[in-house]
Amino acid sequence: MTREELKEKAADLPLAPGVYLMMDKMGKVIYVGKAKKLKNRVSQYFQDSASHTVKTRQMVSQIDHFDTIFVSSEFEALVLECNLIKEHRPRYNTMLKDDKTYPYIKVTASEEYPRILFSRQMKKDKNKYFGPFTSAGAVKDTIELIRKIYRIRACSRKLPQDMGKDRPCLYYHIHQCDAPCQGYISQADYQKSVKQAVGFLNGQYEPVMKYLEEKMRTASETMEFEKAIEYRDLLDSVRKVAQKQKITSQSMEDRDIIAMAKDERDAVVQVFFVRDGKLIGREHFHMNLTGSESKAEILNSFVKQFYAGTPFVPHEIWVQEELEDAEVIASFLTARRGQKVRFVVPKMGEKERLVELAEKNAKMVLSQDKEKIKREELRTIGAMNQIGSWIGLSGIKRVEAYDISNISGFESVGSMIVYENGRPKRNDYRKFRIRTVQGPNDYASMREVLLRRFSHGLEETKKLQAEGGDLAMGSFTRFPDLLMMDGGRGQVNIALEVLRELQLEIPVCGMVKDDNHRTRGLYYQNVEIPIDRHSEGFQLITRIQDEAHRFAIEYHRQLRGKGQVHSILDDIEGIGPARRKALMRHYLSLDAIKAASIEELAKLPSMNEKAAQAVYNFFHT
Numbered sequence: 035m036t037r038e039e040l041k042e043k044a045a046d047l048p049l050a051p052g053v054y055l056m057m058d059k060m061g062k063v064i065y066v067g068k069a070k071k072l073k074n075r076v077s078q079y080f081q082d083s084a085s086h087t088v089k090t091r092q093m094v095s096q097i098d099h100f101d102t103i104f105v106s107s108e109f110e111a112l113v114l115e116c117n118l119i120k121e122h123r124p125r126y127n128t129m130l131k132d133d134k135t136y137p138y139i140k141v142t143a144s145e146e147y148p149r150i151l152f153s154r155q156m157k158k159d160k161n162k163y164f165g166p167f168t169s170a171g172a173v174k175d176t177i178e179l180i181r182k183i184y185r186i187r188a189c190s191r192k193l194p195q196d197m198g199k200d201r202p203c204l205y206y207h208i209h210q211c212d213a214p215c216q217g218y219i220s221q222a223d224y225q226k227s228v229k230q231a232v233g234f235l236n237g238q239y240e241p242v243m244k245y246l247e248e249k250m251r252t253a254s255e256t257m258e259f260e261k262a263i264e265y266r267d268l269l270d271s272v273r274k275v276a277q278k279q280k281i282t283s284q285s286m287e288d289r290d291i292i293a294m295a296k297d298e299r300d301a302v303v304q305v306f307f308v309r310d311g312k313l314i315g316r317e318h319f320h321m322n323l324t325g326s327e328s329k330a331e332i333l334n335s336f337v338k339q340f341y342a343g344t345p346f347v348p349h350e351i352w353v354q355e356e357l358e359d360a361e362v363i364a365s366f367l368t369a370r371r372g373q374k375v376r377f378v379v380p381k382m383g384e385k386e387r388l389v390e391l392a393e394k395n396a397k398m399v400l401s402q403d404k405e406k407i408k409r410e411e412l413r414t415i416g417a418m419n420q421i422g423s424w425i426g427l428s429g430i431k432r433v434e435a436y437d438i439s440n441i442s443g444f445e446s447v448g449s450m451i452v453y454e455n456g457r458p459k460r461n462d463y464r465k466f467r468i469r470t471v472q473g474p475n476d477y478a479s480m481r482e483v484l485l486r487r488f489s490h491g492l493e494e495t496k497k498l499q500a501e502g503g504d505l506a507m508g509s510f511t512r513f514p515d516l517l518m519m520d521g522g523r524g525q526v527n528i529a530l531e532v533l534r535e536l537q538l539e540i541p542v543c544g545m546v547k548d549d550n551h552r553t554r555g556l557y558y559q560n561v562e563i564p565i566d567r568h569s570e571g572f573q574l575i576t577r578i579q580d581e582a583h584r585f586a587i588e589y590h591r592q593l594r595g596k597g598q599v600h601s602i603l604d605d606i607e608g609i610g611p612a613r614r615k616a617l618m619r620h621y622l623s624l625d626a627i628k629a630a631s632i633e634e635l636a637k638l639p640s641m642n643e644k645a646a647q648a649v650y651n652f653f654h655t
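Numbering (the working numbering), first residue to last: 35 to 655.
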């Protein structure tokens with residue numbers, strides 16, 4: 035659509051709340067926004083650009099068309115905006131890079147004999163949840179500690195229904211469970227232990243510390259030194275857990291403290307998690323900036339995206355700047371929590387100092403990570419650009435590499451790995467079982483792999499375009515900027531032949547190895563180009579080569595393993611894995627199966643008369 039057509043379409047929009055999606059010529063969503071009055075908001079983009087920021091002008095120049103979704107309130111628009119940003123991850127939205135789910139400690143209070151479990155979700159059920167915590171390792175260590183101290187069961191048995199059905203597990207024998215599954219502890223005593231464990235999770239450390247100190251002293255006095263050491267170690271673990279609580283508040287409220295720091299390119303948001311007045315942890319988040327966003331704009335985007343994805347919402351959220359959508363976001367979070375949620379911008383006293391502390395942490399992370407990010411970019415994007423410079427190509431983002439694996443032609447397989455911006459994109463990896471080639475013919479096998487990969491990609495693209503679907507939904511629709519073949523002239527020529535056959539123009543280079551099977555150069559356009567072995571580009575090529583080889587070998591071993599696990603019983607019609615196992619479990623040997631009559635074979639639970647006849651005939655005809 036032209037600029038005038040876009041302006042006319044925007045002018046026809048109603049003065050109603052809703053969400054708008056800006057799209058480029060490829061139909062890709064590049065920006066998602068919400069508006070109280072869609073007509074006014076969307077029309078602003080196509081007015082005089084003098085008042086626009088650099089970011090907005092750049093985005094508007096790429097808009098080909100837009101879609102709108104009408105809703106009944108600004109609140110609904112906010113919810114929909116959050117969901118659409120998360121789904122499409124538009125280029126011009128200030129994006130939260132981290133998509134983390136925090137761990138919780140779950141006490142299954144709904145069970146008669148509760149358990150203490152690790153959980154990534156907090157659900158509205160009868161169970162008790164503690165957290166969120168920022169470290170999964172710390173959660174697991176805490177659960178293990180609680181089980182050792184309070185002897186809470188770890189099994190998944192349904193009690194009391196399954197009581198006495200099986201022997202007690204290992205935890206009973208190592209004195210970390212009182213075996214309620216055997217009735218060795220009454221329900222009342224077990225519930226008492228669970229109550230104490232819940233008290234521990236609520237921060238009541240003193241009782242258990244005194245208990246362990248007394249036990250350690252008693253064991254030492256009776257010269258049971260191994261037990262004394264055990265109690266000492268448990269006591270040290272409890273002290274470590276207790277020492278993690280550094281910030282306390284008399285209000286005993288749940289709150290998050292949010293502040294940020296930014297430079298020209300990057301922003302870091304620091305969050306302190308305070309639960310029941312205690313600091314349980316902190317976490318930082320990197321934000322992708324698209325222009326000269328203010329602190330308030332960045333915090334506004336962060337809060338919407340962060341709380342749309344986290345299951346727990348605190349009563350208070352302290353922020354360093356007033357949020358543009360504070361009222362609407364607060365309503366949204368209140369609905370999620372089921373209780374009132376409010377934003378606070380501290381201006382003085384202890385509250386302001388805590389926000390300043392969060393900001394200092396954000397600045398420190400930003401300065402520390404800056405060098406780290408530079409090194410990582412040099413290792414990834416920089417290395418990719420270096421490879422491009424060697425062969426005279428620019429703008430290389432996506433690379434596909436291929437390898438073949440077999441042993442004397444047995445179970446030949448092909449691997450396809452993908453690197454984007456210098457990093458492996460494992461969701462796009464593909465593996466191929468060679469169908470048409472017999473024997474160890476790597477060239478023919480590679481031809482089959484490439485032909486299948488790109489033919490499938492072309493077919494998928496054609497089908498999705500006909501249906502008006504998103505090309506990103508296809509398994510093979512994304513084509514590479516460069517093909518990297520594990521080999522020299524031969525493999526490159528095979529790839530070029532396949533591409534010509536399919537009328538595709540994709541650059542192809544070969545990774546040429548020396549006598550020690552190390553890459554010595556790149557073969558491109560009939561020339562071998564030497565490469566600097568001390569460069570980041572060389573390191574990246576080595577990683578790509580090793581990864582393609584590893585992926586192919588792994589698949590080949592998997593198939594080879596399946597092929598080797600073969601029984602003569604598998605050759606009998608009507609005998610599958612279940613019947614084979616049943617026969618071997620009952621008769622223990624092939625000779626015993628061979629000696630059995632049809633009637634005896636048919637008596638097995640998994641067998642019938644037809645299958646029994648087939649087994650008998652196999653061994654006696």
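Every residue gets a Cβ at the ideal spot worked out from N, C-alpha and C, and that includes glycine. All values derive from a computational prediction rather than experimental measurement.
Annotation: the continuous alpha helix (DSSP H) that includes Gln-525 extends over 523-535.
Within the model, the alpha-carbon separation for Val-433 versus Ser-83 is close to 38 Å. Under a 10 Å Cβ-count criterion, Val-532 is classified as buried, with 16 or more other Cβ atoms of the shown protein chains found around its own Cβ. Per DSSP, Gln-304 is one residue of the beta strand (DSSP E) stretching across 300-309. For Arg-316, same chain residues with a beta-carbon under 6 Å away, outside a window of 5 residues either side, are Phe-306 in chain order. Within a 10 Å sphere around the beta-carbon of Leu-204 sit fewer than 16 other beta-carbons, which makes this residue exposed. For the pair Lys-628 and Phe-652, the CB atoms are not nearer than the 7 Å cut-off. In this structure, Lys-329 lies near Glu-355, with their beta-carbon atoms less than 7 Å apart.
Arg-309 sits buried, since 16 or more C-beta atoms from the chains shown fall within 10 Å of its C-beta. Two segments are said to touch when three or more pairs of C-beta atoms, one from each, lie closer than 8 Å; by this definition the segment 412-420 touches the segment 571-580. Under the three-state reduction of DSSP, Ala-111 is assigned to helix. For Phe-510, the three-state secondary structure derived from DSSP is coil. Taking each of Glu-390, Tyr-224, Thr-142, Lys-43 in turn and checking the Cα distance to Lys-160, the smallest one comes out for Thr-142. For Ala-626, the enclosing alpha helix (DSSP H) starts and ends at 624-629. Where Arg-371 is concerned, the enclosing alpha helix (DSSP H) starts and stops at 360-371. In this chain, the alpha helix (DSSP H) harbouring Ile-421 covers 415-425. DSSP, reduced to helix, strand and coil, places Cys-211 outside both helices and strands of the structure shown, so it counts as coil. In summary, Asp-200 is exposed, with fewer than 16 beta-carbon neighbours lying within 10 Å of its beta-carbon over all protein chains present.
Annotated three-state conformation of Pro-611 is helix, per DSSP.
Taking the Cα positions, Tyr-245 is about 51 Å away from Asn-461.
The beta carbon of Asp-566 sits closer than 7 Å to those of Phe-572, all from its chain and outside the five residues before and after it, given in chain order. Between the segment 388-402 and the segment 284-302, the count of C-beta pairs closer than 8 Å reaches three or more; the two stretches touch.
Counting along the chain, the unbroken alpha helix (DSSP H) around His-654 starts and ends at 643-654.
Membership of His-99 in the beta strand (DSSP E) is indicated by the continuous run 99-104. Apart from sequence neighbours up to five positions away, the residues of its chain that approach Lys-174 with a beta-carbon distance below 8 Å are Phe-152, ordered along the chain. Asn-455 and Gln-225 have their C-alpha atoms spaced approximately 54 Å apart. Excluding five sequence positions before and after His-590, the CB atoms of its chain that fall closer than 7 Å to its own CB belong to Ser-439, Asn-440, Glu-445, Val-447, given in chain order. Under the 10 Å beta carbon count, Asn-127 is surrounded by 16 or more other beta carbons and is classified as buried.
Counting along the chain, Ser-153 sits inside the beta strand (DSSP E) bounded by residues 150-153. Assignment of Met-398 by DSSP, reduced to helix, strand and coil, places it in the helix class. Taking a C-beta distance under 7 Å as the contact criterion, His-318 and Val-379 do not qualify as a contact pair. Taking 7 Å as the cut-off, the Cβ atoms of Met-197 and Cys-211 do not count as close.
Given a length threshold of 4 residues, each whole run of the alpha helix (DSSP H) inside the segment 165-192 is given here in chain order: 170-184. In terms of CA proximity to Glu-361, Ser-107 leads the group Ser-107, Ile-180, Cys-189, Arg-37.
By the criterion of a C-beta distance shorter than 7 Å, Glu-562 is surrounded in its chain by Val-546, Gly-555, once the five residues flanking it on both sides are discounted. Check the Cα spacing between Ala-170 and each of Arg-154, Lys-459, Asn-334, Glu-42: the tightest is with Arg-154.
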